[in-house]
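Residue numbers (our numbering): 2 to 227. Cβ coordinates follow ideal geometry from the N, Cα and C atoms, glycine included.
Given below as structure tokens:
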């Protein structure tokens, strides 16, 4: 449940609608959704590419690769490679393990969300990229390739599967944004993410997707990412 229900549309806080819709409308929705993903991504591609080019130059100042590729679970459990701008130091995993070993509270936070609000791996520039989700711009390529959608569940790492209850995630393409983004964002646990994914699977429509996309703009501009 969102922290302040008045900020969210009725379909987010009300019980999911019945999923007894006919196959025809559901198929037409998926066709429209995929078409919109492609058209919208191509429309914003020139702006996104220009911004990514500038960010790549800044990230490369430390001499390391600007892009980061990581396996994620997609629809049906298929593994794909997700693209992001690098926001971490080269020896990120070692730093993470040392930090978690020395900080029990951080370990609890990591076990709950697989995220850290004060992550020792993140570079100074990386903090700003994450704050406004600019590091996720390369995922537009994943949308064009059909690995992801503009709206859907948060992409999950293969080794996070055991943390995730339920199966709604695997019936959908992961998204650049979704109910998780406009509600708890980075603070949601896997149980909360599963709840959002199940709700979205029951109410998804083109209108719902447009509403989530419009709300995402305001969420990103608030700069609450980490």
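Does the distance from the CB of residue i to the CB of residue j come in under 8 Å?
i, j, result
"residue 153", "residue 176", "yes"
"residue 163", "residue 202", "no"
"residue 57", "residue 46", "no"
"residue 88", "residue 127", "yes"
"residue 198", "residue 169", "yes"
"residue 151", "residue 41", "yes"
"residue 53", "residue 159", "no"
"residue 107", "residue 101", "yes"
"residue 214", "residue 200", "no"
"residue 30", "residue 191", "no"
"residue 71", "residue 83", "yes"
Which whole-angstrom value describes the C-beta separation of residue i and residue j, a residue pair presumed to lie in contact below a C-beta threshold of 8 Å?
i, j, result
"residue 221", "residue 165", "That belief does not hold up - the Cβ atoms of residue 221 and residue 165 are roughly 24 Å apart, past 8 Å."
"residue 122", "residue 90", "6 Å"
"residue 85", "residue 136", "5 Å"
"residue 157", "residue 74", "5 Å"
"residue 183", "residue 217", "6 Å"
"residue 114", "residue 189", "7 Å"
Please classify residue i: does DSSP put it in a helix, a strand, or coil?
i, result
"residue 73", "strand"
"residue 196", "helix"
"residue 213", "helix"
"residue 223", "coil"
"residue 205", "coil"
"residue 109", "helix"
"residue 22", "Unreliable placement is indicated for residue 22, whose pLDDT of 42 sits below 50; the coordinate value is still reported in the next sentence. Residue state, collapsed to three classes: coil."
Locate the alpha helix (DSSP H) running through residue i, then write down its first and last residues.
i, result
"residue 81", "Not the alpha helix (DSSP H): residue 81 falls in the beta strand (DSSP E), residues 80-86."
"residue 100", "93-103"
"residue 130", "125-132"
How far does the beta strand (DSSP E) with residue i in it reach, from first residue to last?
i, result
"residue 177", "176-178"
Using a Cβ-based criterion (distance less than 7 Å to any ligand heavy atom), does residue i qualify as near the ligand GTP?
i, result
"residue 36", "As far as ligands go, the structure on display features none, and thus does not contain the ligand GTP."
Ranges of the alpha helix (DSSP H) found wholly within the region 135-165, counting only runs of at least 4: 140-146
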